[in-house]
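Residue numbers (our numbering): 328 to 500. Okay, structure first, notes after.
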């Protein structure tokens, strides 16, 4: 199955005091999606932003907001992120005990559902939820910090995940 390639730049390196302007600029440049890295200081050591900031920038563009939730637990906050304007939400397989429930909740909120795998997490962790997924985010670095070196072993993991997906309409980021 052929999928259109999407451009989904992260705004993690933005000047947060100008985040709305930078989101607008990325959208105007032709981004298909805007990737928002949400960090809670618990699942990952850094803190970025939450639903109030996403709500504040939502009115700056109609571009799809791809919200990567590096938070634990994620479930109590899914509705708030949906209401804030996330069009899709990606939760980490490692962030909670009930991945299937998290994905069901995201879908029930009318959003695209994704799962992210940390470099050390085997792809078998998501076999049982493949039919609930719209996208899979394979981390090529350990989550929480920008500017890290690429982990070469993830190239083979991409191949294995593509084989697991088969003909399902799931995107890999």
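Beta carbons: idealized from backbone N, C-alpha and C, even for Gly. Bear in mind the structure is a predicted one, so any value in this text is a computation, not a measurement.
1) What span of residues does the alpha helix (DSSP H) with residue 365 cover, start to end?
2) Looking only at its chain, what residues have a beta carbon closer than 6 Å to the beta carbon of residue 305, apart from the 5 residues adjacent to it on each side?
3) Residue 339 by DSSP, collapsed to three states: which one?
4) On a CA-only basis, which of 377, 375, 368, 336 is nearest residue 358? Give me that one, please.
5) Are the Cβ atoms of residue 370 and residue 397 separated by less than 8 Å?
6) Could you check whether the region 417 to 434 touches the region 483 to 492, counting it as contact only if at least three pairs of C-beta atoms, one from each stretch, sit closer than 8 Å?
7) For residue 444 and residue 453, which I take to be in contact (beta-carbon distance under 8 Å), what is that distance rounded to the nearest angstrom?
8) Leaving out the 5 sequence neighbours to the left and right, which residues in its chain are closer than 8 Å to residue 448 when beta-carbon positions are compared?
9) May I ask you to report which of helix, strand or coil DSSP gives residue 477?
10) Exposed or buried, what is residue 349 when buried is set at 16 or more other beta-carbons lying within 10 Å of its beta-carbon?
11) Using a Cβ-Cβ cut-off of 6 Å (strictly less than) and excluding sequence neighbours within five positions of residue 505, which residues of its own chain qualify?
12) Write down the C-beta distance between residue 411 and residue 381 rounded to the nearest angstrom, noting that I regard them as a contact closer than 8 Å.
13) Classify residue 345 as buried or exposed, calling it buried when 16 or more other Cβ atoms lie within 10 Å of its own Cβ.
14) Which of helix, strand or coil does DSSP assign to residue 328?
According to the structure data:
1) Premise fails: residue 365 lies in the beta strand (DSSP E), 360 to 366, not in any alpha helix (DSSP H).
2) Lying before the first or after the last residue shown, residue 305 is absent from the chain, which here runs from 328 to 500.
3) coil
4) 336
5) yes
6) no
7) 7 Å
8) 420, 421
9) coil
10) buried
11) Because the chain spans 328 through 500 in this model, residue 505 falls outside it and cannot be assessed.
12) 4 Å
13) exposed
14) Because residue 328 sits at a pLDDT of 46, beneath the cut-off of 50, its placement in the model cannot be relied upon, and the point is left open.
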